[in-house]
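Shown next, in structure tokens, is the structure this report addresses.
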């Protein structure tokens with residue numbers, strides 16, 4: 001019997017510590033223990049998001065660094081009267097940082113798609129199945145590719161499509177739309193903080209039990225799964241909603257296709273659907 005290991009849950013652990021600290025601070029305040037007023041202010045939310053993002057991405061996140069700087073600046077200005085007279089520059093700087101972040105993120109995604117697409121093409125050619133039963137995804141960078149074929153145009157127009165076997169999706173103050181096409185999904189991590197994730201798994205497949213870590217804070221997440229998957233939710237919800245809208249038919253469930261959802265939903269929503 002095969003052993004299936006869960007993906008690393010670093011993001012979930014960090015997220016759990018953030019929630020734990022917030023809960024402890026609120027409890028201490030309720031029982032009358034002195035807590036500095038600045039600890040529970042909105043700049044601290046920005047600082048928490050920045051630290052969460054930086055730690056999760058091994059301190060290589062431009063967005064996390066900017067959120068940490070922004071939260072620290074407003075905290076020092078509002079609570080301690082320390083100001084660098086940067087108020088009028090904050091908005092333009094934010095736009096510049098956001099632009100750089102989106103450009104670099106998009107370039108990385110395009111490079112990843114090209115790499116995955118090339119590997120997909122090689123695997124398809126090596127397949128022992130008949131060519132008539134296989135659909136080869138062509139490399140858009142290949143000048144010999146016929147621009148009139150549906151394969152190239154449909155893949156190029158699939159905004160957010162991914163062949164990656166492991167999910168690692170963050171939606172922080174943003175929205176993410178993804179369609180997963182891999183036939184060997186191994187699990188992964190989904191994080192939505194003040195944002196939303198719409199994940200379509202209807203064209204994906206799993207080879208045995210897999211685990212997806214789901215963390216939602218002040219956001220929303222929708223998962224669309226194949227109707228024959230056995231989805232088991234172990235997600236904790238705090239002041240949040242988890243809505244399972246799947247049409248359940250016992251005869252359709254494949255006991256080998258088990259998707260386990262773990263994580264936390266705080267002041268947000270998680271919706272699970274199938275067609």
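Residue numbers (UniProt numbering): 1 to 275. Glycine is no exception: its CB is placed at the ideal position from the N, C-alpha and C atoms. As the structure is a computational prediction, the values presented were derived from the model and not from experiment.
Bridge partner(s) assigned by DSSP for residue i
i: residue 161; result: 179
i: residue 171; result: 192
i: residue 224; result: 200, 273
i: residue 98; result: For residue 98, which the question treats as bridged, DSSP gives no partner whatsoever.
i: residue 166; result: 187
i: residue 242; result: 270
i: residue 93; result: Paired residues: none, contrary to the question.
i: residue 206; result: 185
Inter-residue CB distance, residue i and residue j (contact presumed, cutoff 8 angstroms)
i: residue 213; j: residue 186; result: Not really, about 12 angstroms apart at Cβ, beyond 8 angstroms.
i: residue 266; j: residue 217; result: 5 angstroms
i: residue 274; j: residue 247; result: 6 angstroms
i: residue 207; j: residue 181; result: Contact flag wrong, Cβ pair sits at about 15 angstroms.
i: residue 41; j: residue 78; result: 7 angstroms
i: residue 39; j: residue 25; result: 6 angstroms
DSSP three-state assignment for residue i, whether helix, strand or coil
i: residue 54; result: helix
i: residue 211; result: strand
i: residue 232; result: strand
i: residue 133; result: With a pLDDT of 47 at residue 133, under the threshold of 50, the modelled position of this residue cannot be trusted, and the question is left open.
i: residue 146; result: Reliability fails at residue 146, whose pLDDT of 40 lies under 50, so the model's placement of it is uncertain and the value that follows must be treated cautiously. Residue 146: coil per DSSP, three-state reduction.
i: residue 253; result: coil
i: residue 261; result: strand
i: residue 187; result: strand
i: residue 18; result: helix
i: residue 32; result: coil
i: residue 247; result: coil
i: residue 219; result: coil
i: residue 84; result: coil
Beta-carbon proximity list for residue i, same chain, < 7 angstroms, skipping 5 on both sides
i: residue 228; result: 252, 253, 254, 257
i: residue 18; result: 48, 52
i: residue 175; result: 195, 196
i: residue 241; result: 269
i: residue 101; result: 62, 63
i: residue 72; result: 47
i: residue 245; result: 271, 272, 273
i: residue 86; result: 73
Proximity test, residue i beta-carbon vs the ligand FAD heavy atom, cut-off 7 angstroms
i: residue 88; result: Questions concerning the ligand FAD fall outside what the structure shown contains, since it holds no ligand whatsoever.
Spatial neighbours of residue i in its chain, beta-carbon cut-off 8 angstroms, leaving aside the 5 residues before and after
i: residue 69; result: 50
i: residue 76; result: 82, 83
i: residue 243; result: 269, 270, 271, 272
i: residue 239; result: 266, 267
i: residue 148; result: The predicted position of residue 148 is uncertain, since its pLDDT is 38 and thus under 50; a value taken from the coordinates is nonetheless stated next. Answer for residue 148: no residue qualifies.
i: residue 165; result: 182, 184, 185, 186
i: residue 16; result: 264
Contacts around residue i, its chain only, beta-carbon distance under 6 angstroms, and the 5 residues preceding and following it disregarded
i: residue 173; result: 194, 195
i: residue 67; result: 46, 49, 50
i: residue 205; result: 183
i: residue 74; result: 43
i: residue 199; result: 178, 223
i: residue 167; result: 188
i: residue 28; result: 35
i: residue 1; result: With a pLDDT of 42 at residue 1, under the threshold of 50, the predicted position of this residue should be treated as unreliable, though the coordinate-derived value follows. Nothing listed; no residue qualifies.
i: residue 65; result: none
i: residue 54; result: 61, 64
i: residue 221; result: 192, 197, 270
i: residue 237; result: 265
Check your understanding: Quick one: complete alpha helix (DSSP H) runs, 4+ long, within the stretch 34-82?
Key -> 42-56, 62-80
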